[in-house]
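For reference, the structure discussed in these notes is given below.
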Amino acid sequence: MNKTRLILGIFIFGSLWGFSECVIGNFFSDAGLPTAELMVGFFAITFLLLSRIYFHQPGMQIGMGLVAGTLRLFNPMGCHLCSAVAIVAEGAIFELIWYKFSFDFRELKTLTMQASMGVISGYLVFISGYIITQVLTPIIAGTGFFIENLIFIMPNILAGGVVPALIAGFVVPTLLLARKLDLTIKDRIYYPTTIGISALCWLIVVGNWLLA
Amino acid sequence: MPATMILGKEKIIPIIAISLLLVGTSSAIYVNETKIDKETIAINGIEYTVDQIFAIGTIKTITTDDGEKTGIALDELMYKLNINCPDCSSYTIKGSDNYQQTVDWDILKTGILTDYRKVFFPDTAHYLWVKNIVEIEVNNK
Numbered sequence: 001m002n003k004t005r006l007i008l009g010i011f012i013f014g015s016l017w018g019f020s021e022c023v024i025g026n027f028f029s030d031a032g033l034p035t036a037e038l039m040v041g042f043f044a045i046t047f048l049l050l051s052r053i054y055f056h057q058p059g060m061q062i063g064m065g066l067v068a069g070t071l072r073l074f075n076p077m078g079c080h081l082c083s084a085v086a087i088v089a090e091g092a093i094f095e096l097i098w099y100k101f102s103f104d105f106r107e108l109k110t111l112t113m114q115a116s117m118g119v120i121s122g123y124l125v126f127i128s129g130y131i132i133t134q135v136l137t138p139i140i141a142g143t144g145f146f147i148e149n150l151i152f153i154m155p156n157i158l159a160g161g162v163v164p165a166l167i168a169g170f171v172v173p174t175l176l177l178a179r180k181l182d183l184t185i186k187d188r189i190y191y192p193t194t195i196g197i198s199a200l201c202w203l204i205v206v207g208n209w210l211l212a
Numbered sequence: 213m214p215a216t217m218i219l220g221k222e223k224i225i226p227i228i229a230i231s232l233l234l235v236g237t238s239s240a241i242y243v244n245e246t247k248i249d250k251e252t253i254a255i256n257g258i259e260y261t262v263d264q265i266f267a268i269g270t271i272k273t274i275t276t277d278d279g280e281k282t283g284i285a286l287d288e289l290m291y292k293l294n295i296n297c298p299d300c301s302s303y304t305i306k307g308s309d310n311y312q313q314t315v316d317w318d319i320l321k322t323g324i325l326t327d328y329r330k331v332f333f334p335d336t337a338h339y340l341w342v343k344n345i346v347e348i349e350v351n352n353k
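Right, here's the structure in full:
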């Protein structure tokens with residue numbers, strides 16, 4: 001695959017993911033909804049899987065996590081550092097979970113397999129992101145990491161994975177249906193569209209941060 | 213990919229998915245069962261109501277990246293509660309849902325406790341902002 005096309009793919013999917021975390025996440029948070037669970041179960045899994053369906057490239061989801069995590073740092077609401085660390089980890093964990101699967105998803109022929117992979121992805125991406133941010137955020141922020149705190153909150157983390165697992169259990173089979181659609185975009189449309197949408201995501205989030 | 217490997221995956225993947233859901237569900241039941249439902253806050257083993265804490269402490273407003281927050285200054289509160297060597301202790305702040313975080317004096321002294329039982333610290337990541345606090349444990353070093 002053309003490297004420029006791939007890099008722009010990483011950038012647009014990462015930007016859309018980061019934008020969702022910053023803008024839609026804030027709406028969920030204000031509405032008192034379980035934001036982290038909804039963001040992982042629906043938005044993160046959707047963008048990560050769509051990128052895998054349409055680009056078939058290893059390493060792409062790690063790149064998307066880095067782009068989305070960087071964008072999340074500019075969000076004036078919530079815990080910037082914790083969320084950014086979690087997002088980067090989520091991209092890497094998703095990549096690891098799907099590492100052994102082919103890019104044409106031929107192993108996931110049955111609905112049971114597709115839903116099961118959704119559950120596994122939603123659950124492990126959520127709890128891994130949570131655990132990694134609980135370890136790395138205090139270290140990066142220099143506030144001190146206490147292992148006993150992580151042990152005590154482990155049941156909360158494990159319990160928190162159920163909602164994203166169930167959501168992803170529906171999202172993954174639905175998205176795998178979409179892989180049959182031919183969404184090939186010609187280069188002359190692809191490049192300006194991806195650059196434009198990515199730039200818009202960044203302008204809105206960074207602009208909101210500067211005005212806050 | 214060999215067909216036998218795909219068949220193996222067909223069996224093991226649903227089992228892993230069900231196992232993860234069972235772990236999550238049993239953890240949720242555990243968290244719900246162990247949730248602490250009380251109106252007081254135990255500080256160094258002694259129970260205080262929020263009103264008592266506000267009567268003892270000094271109200272302070274701090275600026276965080278989430279705006280201004282007003283509550284009782286935690287440093288003065290620890291001094292007024294006669295905590296043994298406040299500045300050489302660490303503090304484990306526990307929420308009703310068993311979420312907890314430990315902070316050293318250098319962080320605690322900058323923070324406040326609000327009347328809705330949440331702590332805020334300026335210039336720290338929000339994971340330290342424990343809500344629905346039921347206990348502040350003093351750990352002497």
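So the protein lines, in turn, are chains Z and U.
Take the first sequence: its letters are residues 1 to 212, numbered as in this note's numbering.
Take the second sequence: its letters are residues 213 to 353, numbered as in this note's numbering.
Cβ coordinates follow ideal geometry from the N, Cα and C atoms, glycine included.
Judged by DSSP secondary structure, Ala-86/Z falls within the alpha helix (DSSP H) whose first and last residues are 80 to 97. Contacts with chain Z at 8 Å (Cβ-Cβ) include Tyr-242/U.
At a beta-carbon threshold of 7 Å, the residues of chain Z lying near Gly-236/U are Tyr-123, Leu-158, Ala-159, Gly-161, Val-162 and Ala-165, ordered along the chain.
Chain-order list of chain Z residues neighbouring Ile-319/U: Thr-143, by C-beta distance under 8 Å. Between the alpha carbons of Leu-33/Z and Leu-177/Z lies a gap of roughly 28 Å.
Under a criterion of Cβ atoms nearer than 8 Å, no residue of chain Z is adjacent to Pro-298/U; the nearest Cβ is some 17 Å distant. Lys-186/Z: not part of any beta strand (DSSP E); DSSP gives it neither H nor E.
For a cut-off of 8 Å, the C-beta gap from Val-67/Z to Gly-14/Z is around 3 Å, short enough to register as a contact. In the DSSP assignment, Asp-316/U forms a beta bridge with Ser-302/U. For Tyr-339/U, the C-beta contacts it makes with chain Z under 8 Å involve Cys-79, Cys-82, Thr-133, Gln-134, Thr-137 and Pro-138, in order along the chain. As a beta-bridge residue in DSSP terms, Phe-332/U pairs with Ile-324/U. Contact annotation: Lys-292/U and Ile-268/U have beta-carbon atoms nearer than 8 Å. It is roughly 11 Å from the alpha-carbon of Phe-42/Z to the alpha-carbon of Phe-126/Z.
With distances taken between CA atoms, Asp-104/Z lies nearest to Leu-175/Z out of Ser-116/Z, Val-40/Z, Leu-175/Z and Asn-75/Z. One thing to note: Gly-118/Z has its Cβ no nearer than 8 Å to the Cβ of Val-162/Z. With a cutoff of 8 Å on beta-carbon distance, Ser-51/Z and Met-64/Z are scored as near each other. Tyr-303/U is positioned such that its CB atom lies closer than 8 Å to that of Leu-320/U.
Those residues of the region 15 to 31 of chain Z placed with their C-beta closer than 7 Å to a C-beta in chain U do not exist. Listed in chain order, the non-local C-beta contacts of Gly-142/Z below 7 Å within the same chain number zero, local neighbours out to five positions each way being set aside.
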